[in-house]
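For reference, the structure is listed below as structure tokens.
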Amino acid sequence: MTKTQDFTKMFQDMLGNFPVDMSVAQDAFKNQAALGEKLSKVALQAADQSAEISTKWTKETLAKMGDVTTAKEEAAEYGKAVSDFASAQAEMAAENLAAFAEVAKKVQAETVELLMAAGKEMGDDAQAAVKKATDEVQKAAKKATAK
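Under the working numbering, the first residue of the sequence shown carries the number 520, and numbering increases by one thereafter.
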């Protein structure tokens, strides 16, 4: 009588020898959480700076409005006050929009820097994980074929 091989048992033994390393998933989660924290910090700083610019602009506008709303002796003085206000507003708008642009440029640079670093780190981690998994699979395959 011929001896038959139990392939079910062989596959169960082989799969049982494959290690499952959950630390890779935990590390990935931690790295993702850290990246999210850093990106949130960048966004919150930008929001804070934008709020400061807006507040400053509003206060300056309200201060300039005081000149426009004061009673004048001559009718021509009202026209001059409005003209001065409009000139001041144009100047403030240019300054404040430049300040907003600087905030946006800083956010863009920091975000790109963070994402590049995260991409490099993920690539390095993936390469290490693949190498480790390959080594473990080879060990497990050798162990399974040795039985």
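C-beta atoms are modelled at their ideal positions from N, C-alpha and C, and glycine is treated no differently.
Please read these numbers as outputs of a predicted model, since none were measured by experiment.
For Q608, the uninterrupted alpha helix (DSSP H) segment begins and ends at A594 to A665. Rounded to the nearest angstrom, the gap between the Cα atoms of W576 and T630 is 27 Å. In this structure the stretch 611–629 lies against the stretch 551–566, because at least three pairs of beta carbons, one per stretch, are closer than 8 Å.
Shown here for A600: same chain residues with a beta carbon closer than 6 Å to its own, the five before and five after excluded, namely D586 and V587 in chain order. Going by C-alpha positions, A645 is about 30 Å away from M529. For the options F619, Q657 and G555, the alpha carbon positioned closest to that of E571 is the one of F619.
Taking one beta carbon from each stretch, the stretch 601–612 and the stretch 540–553 have fewer than 3 pairs nearer than 8 Å; the two do not touch.
Distance from the CA of A607 to the CA of L634, rounded to the nearest whole angstrom, comes to 40 Å. Sequence-distant partners of A605 (beyond 5 residues in either direction) whose C-beta falls short of 6 Å from its own C-beta are missing from its chain. The three-state reading of DSSP puts K591 in coil, since its state is none of H, G, I, E or B. For M529, the secondary structure class from DSSP, reduced to helix, strand or coil, is helix.
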